[in-house]
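Engineer: Below is the structure I would like to discuss, written out as structure tokens.
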Amino acid sequence: MELKEKLVCIDIPAAGANVNIEPGELVIVLGPVGSGKTCLLMAILNEIVQVSGNRSVIGRMSYTPQEAWCFSGSVKQNIVFGREFKQKKYESVIDVCGLQKDLQLLTYGDDTLIGEKGITLS
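In the UniProt record's numbering, the protein residues as written are 1 to 122.
Take a look at the structure:
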């Protein structure tokens, strides 16, 4: 995985925006409450009805919403999410997500119980 160091600040108008994101670029969408950040991202993900213009996504992308989606259970149960436990894959997820240090800080590691929506985590 490679992330390019590139900072691009653009003021996207409400209509007629053209945005090109190169493979490997890390993009962070910032703006005040109600400025359309979520709407822009949902449009890119094709999660809302597009009324005009074109959108094209080549390859894969990732979107992390602000809403907590943890359920009441252990950290491990939240990561495995009801699927068959595979040690190697689990360790890979912990590594890719950079969770080693976080898990070391928890008294019971990945067996630590978290509340609904991650209430016991910060």
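Every residue gets a Cβ at the ideal spot worked out from N, C-alpha and C, and that includes glycine.
Whose C-alpha, out of 60, 61, 90, is nearest the C-alpha of residue 80?
Structural biologist: The residue labelled residue 80 in the question sits at position 80 within the sequence shown. Taking only the C-alpha atoms, the option nearest residue 80 is 90.
Engineer: If we ignore side chains and look at the alpha-carbon of each, how far apart do residue 106 and residue 73 end up?
Structural biologist: As a working note, residue 106 is residue 106 in the sequence shown. As a working note, residue 73 is residue 73 in the sequence shown. Roughly 14 Å separates the two Cα atoms.
Engineer: Alpha carbons only, please: which of 100, 19, 65 is nearest the one belonging to residue 57?
Structural biologist: The residue given as residue 57 occupies position 57 in the sequence shown. Residue 19 is the option with its Cα nearest to residue 57.
Engineer: For residue 31 and residue 62, I'd like the C-alpha separation in whole angstroms.
Structural biologist: Counted from its first residue, the sequence shown places residue 31 at position 31. Counted from its first residue, the sequence shown places residue 62 at position 62. The alpha-carbon separation between residue 31 and residue 62 amounts to approximately 19 Å.
Engineer: Using the C-alpha atoms, what's the distance from residue 29 back to residue 108?
Structural biologist: Along the sequence shown, one-based indexing puts residue 108 at 108. Along the sequence shown, one-based indexing puts residue 29 at 29. Each residue's alpha carbon lies about 35 Å from the other.
Engineer: Got a sec? Which residues, its chain only, sit under 7 Å from residue 50 by beta carbon, not counting five neighbours each side?
Structural biologist: Stepping through the sequence shown from its first residue, residue 50 is reached at position 50. Hits under 7 Å: 43.
Engineer: I'd like the ranges of any alpha helix (DSSP H) spanning at least 4 consecutive residues and lying wholly in the region 26-106.
Structural biologist: 37-44, 75-80, 87-96, 100-105
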